[in-house]
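Heads up, the sequence shown is in the working numbering, so the first residue is 33 and it goes up one at a time.
A virtual CB, placed ideally from N, CA and C, is assigned to each residue, including glycine.
Because the structure is a prediction, the values reported are computed rather than measured.
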Amino acid sequence: MLRDSIRLSIYLPLFVLLLVYCKTDSAVARQVDRRVPLEEISTDFEMADGPAWDGYSLVIPDVKGQKLFRYLPAKKQMQTLMPESGRISASFYNHGRLFLSDNPGGEIAFLDGKKKATVASFDSVRQEKEKPYRPNDLVVDQNGGIYVTFTPQNKVAYIDPQGNVSIAVDGIATPNGITMSPDEKTLYVSSFVPKKIWAYDIVTAGKTDRGRMIASMDDGPDRGADGMTIDRAGNIYCAGPTDIWIWNPEGKLLDKIACPTKPINCTFGDQDMQSLYITGPGGLYRQRMLICGRSPEPKAISLQPPAKFPRKKNIAQPPTSVPENVVAHRNVVFAQYDQRKVLMDIFVPSDATVDEPKPAVVVVHGGGWRKGDKTKFRALAIKLASHGYVTAAIEYRLADEAAFPAAMHDCTAAVRFLRANAATYHLDPKKIGAVGGSAGGHLTGLMASGGGNPKLKGDGGNAKQSSRIQASIVMAGPLEMLTGSVADRSRQPDSGSNSNVWLRSTVDQNPELYGLADACAQIDASTCPILFLVGEQDNPARNQPARDKLTSFGIETGVITYPNAKHGCWNRQPWFEEMANEMVKFFNKHL
33 MLRDSIRLSI YLPLFVLLLV YCKTDSAVAR QVDRRVPLEE ISTDFEMADG
83 PAWDGYSLVI PDVKGQKLFR YLPAKKQMQT LMPESGRISA SFYNHGRLFL
133 SDNPGGEIAF LDGKKKATVA SFDSVRQEKE KPYRPNDLVV DQNGGIYVTF
183 TPQNKVAYID PQGNVSIAVD GIATPNGITM SPDEKTLYVS SFVPKKIWAY
233 DIVTAGKTDR GRMIASMDDG PDRGADGMTI DRAGNIYCAG PTDIWIWNPE
283 GKLLDKIACP TKPINCTFGD QDMQSLYITG PGGLYRQRML ICGRSPEPKA
333 ISLQPPAKFP RKKNIAQPPT SVPENVVAHR NVVFAQYDQR KVLMDIFVPS
383 DATVDEPKPA VVVVHGGGWR KGDKTKFRAL AIKLASHGYV TAAIEYRLAD
433 EAAFPAAMHD CTAAVRFLRA NAATYHLDPK KIGAVGGSAG GHLTGLMASG
483 GGNPKLKGDG GNAKQSSRIQ ASIVMAGPLE MLTGSVADRS RQPDSGSNSN
533 VWLRSTVDQN PELYGLADAC AQIDASTCPI LFLVGEQDNP ARNQPARDKL
583 TSFGIETGVI TYPNAKHGCW NRQPWFEEMA NEMVKFFNKH L
């Protein structure tokens, strides 16, 4: 009896955790992590308004206090970013720039050091007898264009990257909050007074069509539908009179977050992008989520004039700017499951043509299968593209959104998409490789050995195409799942095992599923060459069983160890350059 009680006390927390995640795999997944209550961060605001995540801190305008604040979650510290900002009603961070909606000033600005600089004013679109255009909320697209709501005028304007202003939407009642779908094909606008959500097809930047009402708030007469944001699955969030409302892309209500005070706006933040920050008259709040938001676009384009944003520069971080010899296609949908669209960023060498296609490389980010996104390996994708490879930095459904093998289905779908669209992106469909780091390394290893396994194919599209790759690079990813460190952690109830969340079970509860995820176990004569790259201070001995097995089949393999390098060295200088050069040598040989 005592032994049974001890066993129960050990495994009950794990059972409860798995039960929570199993529920998220139902037809209507829950977005809110109800295990964690809504947290009050600060009430030292007169009225906190539209926040923005800049990659390591949250920017919050106090519209009534006329100050701009910054919250650093890692330090639990609030700082004054701009003591006299004026009445800023909203902010948005993209391309290394903080954009500001200067309501009384009647302009969109950006922060340049400690001062505001004008992006555009709106006299050019103001009609006779119209009230002055005072911007309310804003969202910035992948090219640096800005959509802005004007509530009294019933309009949404668009500012192109050169500062030219046009009207994108006309005739919507009291537009307030605004956001875009992850693929930037749909613009969502909240209509404040009637409390309705409208969707508009984005035909080209700044031009919309087919406006339709997709949702409404049926919570009584109190106003109104306010600030908005989007998560990586395309679910829509909007502040209402008492709650944050959550709908799927078609307007089906998924959930609501009750707030202690009237919410005004919200955005995702924290390093894992898995916290929803909520602002209002009462201050700043945070709710942990079961799904991630979208990271800001890295600094990849040259917006003019240049701006200095007050944050510490990370000199070890490799550059993300797109060189002239590379053409970028961002947020391309490569797979779709019901309303869920899965995206990749494709980078094509400018000298690639239909007649002279280039080899392709799928770039898979890490993050313990539970966090990260395609922007994290942006620098590597661009670097390899500059060396003559068509690269595709992909996202995949993370563990808190969907259980294994969903992420692997996304990886194989990416390969098939590239083959099906080889002519469009000027790539050779017979020469596709993959590179990934940490959890992404595991996935690229599984792409190498399990690419022909029908259980790992999924239904992400282009079913007639092959999912196999011709070369793989694994950067510190564990190929073993049934054995080794992953299995050891899976058996330890207090280890915080990511695999237990991802596979919704321990290795002993479901060895068959762990076997399906085990890249080492599936190595056979059809496996492509695999190169292993690892830091000296990581675990160079990791994956030795996989290398031995590859060698036994006569498949080329090897390991390169980088002195003084830790886990994640592939995204830091000086190792970034060294590792990229080794990748080019390996892919040149096998693709």
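So, A417 versus V358, is the Cβ gap smaller than 9 angstroms? yes
Report yes if the C-beta distance between G472 and V386 is below 9 angstroms; otherwise report no. No.
Where S156 and Y190 are concerned, what is the direct C-alpha to C-alpha distance, given to the nearest angstrom? The straight-line gap from Cα to Cα measures roughly 12 angstroms.
Just how far apart, CA to CA, sit Q111 and A84? 15 angstroms
Looking at V393: is its Cβ nearer than 9 angstroms to the Cβ of A424? Their beta carbons are under 9 angstroms apart, which means V393 touches A424 by this criterion.
Candidates W602, I289 and D556: which alpha carbon is nearest K581's? D556
So, helix, strand or coil for Y190, using DSSP? strand
Going along the chain, which unbroken runs of the beta strand (DSSP E) with 3 or more residues stay wholly within the region 292–358? 297–301, 307–312 and 315–320
Going by Cα to Cα distance, which pick from D570, H419 and G97 is closest to V616? Closest option to V616, Cα to Cα, is H419.
Y457 and I378 closer than 9 angstroms at C-beta: yes
Please report the Cβ distance between G195 and A237, rounded to the nearest whole angstrom; I am assuming they are in contact, meaning their Cβ atoms lie under 8 angstroms. At roughly 14 angstroms, the Cβ-Cβ gap does not stay under 8 angstroms, so G195 and A237 are not in contact.
Using beta-carbon positions only, say whether K390 and V422 come within less than 9 angstroms of one another. yes
Beta-carbon proximity list for G145, same chain, < 6 angstroms, skipping 5 on both sides: Around G145, the same chain offers K340 as residues with beta carbons nearer than 6 angstroms, after the five sequence neighbours per side are excluded.
Of the residues D202, D250, M321 and I276, the one placed nearest R244, counting alpha carbons only: D202
From the DSSP output, which residues share a beta bridge with A84? In DSSP, A84 forms a bridge with V91.
Below 8 angstroms, how does it come out for the region 117–133 and the region 321–334: are there three or more Cβ pairs, yes or no? yes
Would you call the region 505–520 in contact with the region 483–495, where contact means no fewer than 3 C-beta pairs closer than 8 angstroms? no
Would you grab the beta carbon distance between Y594 and E610 for me? Rounded to a whole angstrom, and I think it's under 8 angstroms. 7 angstroms
How big is the Cα-Cα spacing for D241 and E282? C-alpha separation (whole angstroms): 16 angstroms.
Q541 to R67, Cα distance in whole Å? 24 angstroms
Is the separation between the beta-carbon of T75 and that of L308 shorter than 9 angstroms? At least 9 angstroms separates the beta-carbon of T75 from that of L308.
When you compare the CB positions of V180 and I204, do they come within less than 9 angstroms of one another, or not? no
Look at the Cβ atom of S529, then the Cβ atom of T515, and state whether they are nearer than 9 angstroms. no
Is the distance from the Cβ of S481 to the Cβ of A413 below 9 angstroms? no
Ignore the nearest five residues each way along the sequence and tell me which others in P295's own chain have a CB closer than 6 angstroms to its CB. Only A271, I276, I310 and G312 meet the Cβ criterion.
Would you mind giving the Cβ-Cβ distance between T476 and G484, rounded to the nearest angstrom? I have them listed as a contact below 8 angstroms. Taking 8 angstroms as the upper bound for CB-CB distance, T476 and G484 are not in contact here, some 15 angstroms apart.
Cα-Cα separation between P193 and R119, rounded to whole angstroms: 24 angstroms
By how many angstroms is the C-alpha of G314 removed from the C-alpha of T293? T293 and G314: Cα-Cα distance of roughly 6 angstroms.
What residue range is occupied by the uninterrupted alpha helix (DSSP H) comprising D520? D520 -> alpha helix (DSSP H) spans G516 to S522.
Quick one: using the 10 Å Cβ neighbour count with 16 as the cut-off for buried, is D520 buried or exposed? exposed
Need the endpoints of the beta strand (DSSP E) that M245 sits in, please. K239 to S248
State the start and end residues of the unbroken beta strand (DSSP E) segment that holds W279. Annotation for W279: the continuous beta strand (DSSP E) segment containing it runs D275 to W279.
Compute the Euclidean distance between the alpha carbons of K621 and E544, then round it to the nearest angstrom. Approximately 36 angstroms between the Cα atoms of the pair.
D580 in three-state terms, based on DSSP: helix
Would you mind sorting D36 into buried or exposed? The rule is 16 or more other CB atoms within 10 Å of its CB. The pLDDT assigned to D36 is 47, lower than 50, so where the model puts this residue is not dependable; a value taken from the coordinates is nonetheless given after this. D36 is exposed by the Cβ-count criterion.
What is the DSSP secondary structure of V533, reduced to helix, strand or coil? helix
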